[in-house]
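Here my numbering = 1-based position in the sequence shown + 555.
I have placed the structure first, in the form of structure tokens, so that the comments after it can refer back to it.
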Amino acid sequence: MAKKTIPADIAKMSFEEALSELEDIVRRLEGGKDDLEKSIKAYLRGANLKNHCEAKLQEAKARVEKIVLGPENSIAAKPLGMD
Numbered sequence: 556m557a558k559k560t561i562p563a564d565i566a567k568m569s570f571e572e573a574l575s576e577l578e579d580i581v582r583r584l585e586g587g588k589d590d591l592e593k594s595i596k597a598y599l600r601g602a603n604l605k606n607h608c609e610a611k612l613q614e615a616k617a618r619v620e621k622i623v624l625g626p627e628n629s630i631a632a633k634p635l636g637m638d
């Protein structure tokens, strides 16, 4: 399977920024007022934004899964890479 390449401008975005732009694109596409070429470009950008959001969510999930109970049942973060 080919690795998904995220454009640099999207890769710099936070999850919230990417999600907001993705929501704007969905609204525009649902409105149906853009011509076909503009709609295709928006759809492709939306797909990249979706992939970026999914990657950010996976990163967050991995970080949350590293939280473990420490001494006396206190919550401690387990450094990434230590399984």
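We put the CB at the ideal spot given by N, CA and C, even for glycine.
None of the values given here were measured: they were computed from a predicted structure.
Cβ-based burial, residue i [other Cβ within 10 Å; buried from 16]
i      : result
ILE622 : exposed
LEU591 : exposed
LEU577 : buried
LEU599 : exposed
Nearest to residue i (by Cα), restricted to the options the options
i      : options                           : result
MET568 : HIS607, GLU620 and TYR598         : HIS607
ALA602 : ALA563, PHE570 and ILE580         : ILE580
ILE561 : ALA610, ALA615, LYS616 and GLU620 : ALA610
LEU574 : GLY586, GLN613, LYS593 and LYS605 : LYS605
Residue i, DSSP secondary structure in three states
i      : result
MET556 : Bear in mind that the predicted position of MET556 carries a pLDDT of just 45, short of 50, making it unreliable; the figure below should be weighed with that in mind. Of the three classes helix, strand and coil, the one that applies to MET556 here is coil, per DSSP.
ILE622 : strand
GLY587 : coil
LYS561 : Strictly speaking, residue 561 in this sequence is Ile, with Lys absent from that position. ILE561: coil per DSSP, three-state reduction.
SER575 : helix
LYS616 : helix
Cα-Cα separation between residue i and residue j, rounded to whole angstroms
i      : j      : result
GLU572 : ARG618 : 20 Å
ARG582 : GLU620 : 34 Å
MET556 : PHE570 : Unreliable placement is indicated for MET556, whose pLDDT of 45 sits below 50; the coordinate value is still reported in the next sentence. Cα to Cα, the separation comes out at about 25 Å.
GLN613 : ALA566 : 14 Å
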